[in-house]
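*Asks:* Structure below; questions to follow.
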Amino acid sequence: MKKVYFAGSITGGRRDIEDYKIIIGKLKERFEVLSEFVANGELTEMGEQDKSDKEIYNKDINMIMQSDFVFAEVSQTSHGVGYELGFAEANKKPIYAVANKNKVKRTSAMIMGNPNINFMYYTNLSEVLELIDKIK
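Numbering that gives the first Met the number 0 numbers the first residue of the sequence shown as 0 and each following residue consecutively.
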């Protein structure tokens, strides 16, 4: 079973956590999700309080390295997600990124213009679920 690293905002804001839960649920139907904790409702914008910044960094980098691809929901601006996508790209991981057109004015050109990122705007989560069904 392929492994996926799901990237979504934590310290950048938790506004989209319900969407994360649905996306991760769909990913779990076909893939092993290494970062399911991103959708944990008890995780606040303060992040993982029981770990040091270095421990969090090492854990996340190791999960990206173990993954076969990265799937990111980027509607909520997040320095961490941007870094994770850059790291994944540098390590030649396939990347899918989606953003809800109803929640953002514009997504970063560093994501939308990057030929190594499969980017999609969506207006309904069903479009994201259909995209996940097409991932090989």
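Beta carbons are placed, not taken as given, at the ideal position from N, Cα and C, and that holds for glycine.
Among the residues of its own chain, which have a CB less than 7 Å from the CB of K92, if the five just before and after it don't count?
*Replies:* The answer, listed in chain order, is I63, S66, F68 and V69.
*Asks:* Quick one: any contact between the region 11-22 and the region 36-50, if contact means 3 or more CB pairs under 8 Å?
*Replies:* Yes, the region 11-22 is in contact with the region 36-50.
*Asks:* Quick one: what does DSSP say V73 is sitting in, helix, strand or coil?
*Replies:* Three-state DSSP puts V73 in coil, outside helix and strand.
*Asks:* Can you have a look at A108 and say buried or exposed, based on whether 16 or more other CB atoms are within 10 angstroms of its CB?
*Replies:* So A108 counts as exposed.
*Asks:* Measuring only the C-alpha atoms, how far is E31 from V3?
*Replies:* Near 6 Å, if we compare the C-alpha coordinates of V3 and E31.
*Asks:* I need the straight-line Cα distance from N113 to D59, nearest angstrom please.
*Replies:* Cα to Cα, N113 sits roughly 22 Å from D59.
*Asks:* Go ahead and pull the three-state DSSP assignment for V103.
*Replies:* DSSP places V103 in coil when its eight states are reduced to three.
*Asks:* Give the DSSP-derived three-state secondary structure of M136 in the structure shown.
*Replies:* Since the first residue shown for the chain is 0 and the last is 135, residue 136 is missing from the structure and cannot be characterised.
*Asks:* What residue range does the beta strand (DSSP E) around F5 cover?
*Replies:* K2 to A6 is the span of the beta strand (DSSP E), which, as asked, contains F5.
*Asks:* What is the C-beta distance between Q75 and S8, in whole angstroms, given that I count them as a contact (C-beta under 8 Å)?
*Replies:* Yes, they are in contact, since the Cβ atoms of Q75 and S8 sit about 4 Å apart, within 8 Å.
*Asks:* One question on the structure: do I55 and Y95 come within less than 8 Å of each other, judged by their Cβ atoms?
*Replies:* Against a cut-off of 8 Å, the Cβ pair of Y95 and I55 comes out as no contact.
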